[in-house]
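S.K.: Add 1414 to a position in the sequence shown, counting from 1, and you land on the number used in our numbering.
Sending over a structure as structure tokens; questions will come in a sec.
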Amino acid sequence: MSELGRGDFFGEMALLDGQHRSADALVSEDARLAVLSRDHFLSFMRSNPNVALEMLTALVNRLRHTDELLRHSTTRNVNVEEAAQLTLADRASDVIAEFGGSWKFILAAVFFFNVWVWVNASLQLLGKTAFDAYPYLMLSTAINMLAVLQAPIILMSQNRQAHKDRLRAEIDYQVNLKNELALNEIIERLKTLEREYLRLASDKESE
């Protein structure tokens, strides 16, 4: 939404590409409007190159204004911002935590424990010395060490997820606040247009 004044124009896109018009205008005061068909518009541009240059300048200014709005948008990608702050250790802990909480880890652990117990039991049955006989103290120690190391790694990953959730909530708040401010501005402009329309209607009735 923008306000046009003396000498401004709109609807040029439909004249240039021949598609449907993408702009509408609401007059809030007495105005004189000049309308050109596409054929007359193109003929006028060919015979007045300076006017065409001025029109291109106006289009560039509108594009710059749109680009400025997009660059200052509060909408941000949480995943991109979080990934930019991750270190190699953070990425490694995320991979370990993801694997430690998957069925792949559970199945691999069950398979490894069964093989460990089966190998040691088989060695004992064959009369040979088992490297970790029952009650499998070496295996129990390894499991305890794995649990001790895995717990803080999972907590680190959960802390980063909590930070990502807080960042997402902050971005949602900024977006909602921007939308609320934009909506209030639109409402104020509509109220202004309504007052102007009522004033013009009252002036015409008084005439």
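C-beta: ideal position from N, C-alpha, C; glycine also.
Among Q1575, Q1588, V1524 and L1539, which residue has its Cα nearest to the Cα of I1557?
M.R.: V1524
S.K.: Could you tell me which of N1475, L1502 and R1613 sits nearest to D1422, measuring between CA atoms?
M.R.: Checked all of N1475, L1502 and R1613; the closest Cα to D1422 is N1475.
S.K.: Would D1510 and I1567 qualify as a contact pair, given that the criterion is a beta-carbon distance under 7 Å?
M.R.: First, the amino acid is wrong: residue 1510 is Ile here, not Asp. Contact flag set, yes.
S.K.: When the distance is taken between beta carbons, is Q1564 closer than 7 Å to G1514?
M.R.: yes
S.K.: Expressed to the nearest angstrom, what Euclidean distance is found between the alpha-carbon atoms of E1594 and S1507?
M.R.: 40 Å
S.K.: What is the C-beta distance between N1534 and A1544, in whole angstroms, given that I count them as a contact (C-beta under 8 Å)?
M.R.: 4 Å
S.K.: Would the beta-carbon of W1530 fall within 7 Å of that of L1551?
M.R.: no
S.K.: Counting C-beta neighbours from all protein chains within 10 Å, is the total for S1371 16 or more, i.e. buried, or is it exposed?
M.R.: Only positions 1415 to 1621 of the chain appear in this structure, which leaves residue 1371 out of reach.
S.K.: Give a yes or no on whether the C-beta atoms belonging to K1578 and E1468 are separated by under 7 Å.
M.R.: No, the Cβ-Cβ distance between K1578 and E1468 is not below 7 Å.
S.K.: Between which two residues does the alpha helix (DSSP H) harbouring L1537 extend?
M.R.: W1517 to L1539
S.K.: Which residue comes first and which comes last in the alpha helix (DSSP H) that contains S1507?
M.R.: L1502 to G1514
S.K.: Roughly how many whole angstroms lie between the Cα atoms of A1448 and N1590?
M.R.: Rounded to whole angstroms, A1448 to N1590 spans 40 Å at the Cα level.
S.K.: My output table needs one value for T1543: the three-state DSSP class, helix, strand or coil.
M.R.: It is coil, neither helix nor strand.
S.K.: Please list the terminal residues of the continuous alpha helix (DSSP H) segment that includes R1460.
M.R.: Where R1460 is concerned, the enclosing alpha helix (DSSP H) starts and stops at R1452 to S1461.
S.K.: For T1555 and A1583, what's the separation of their Cα atoms in angstroms?
M.R.: 42 Å
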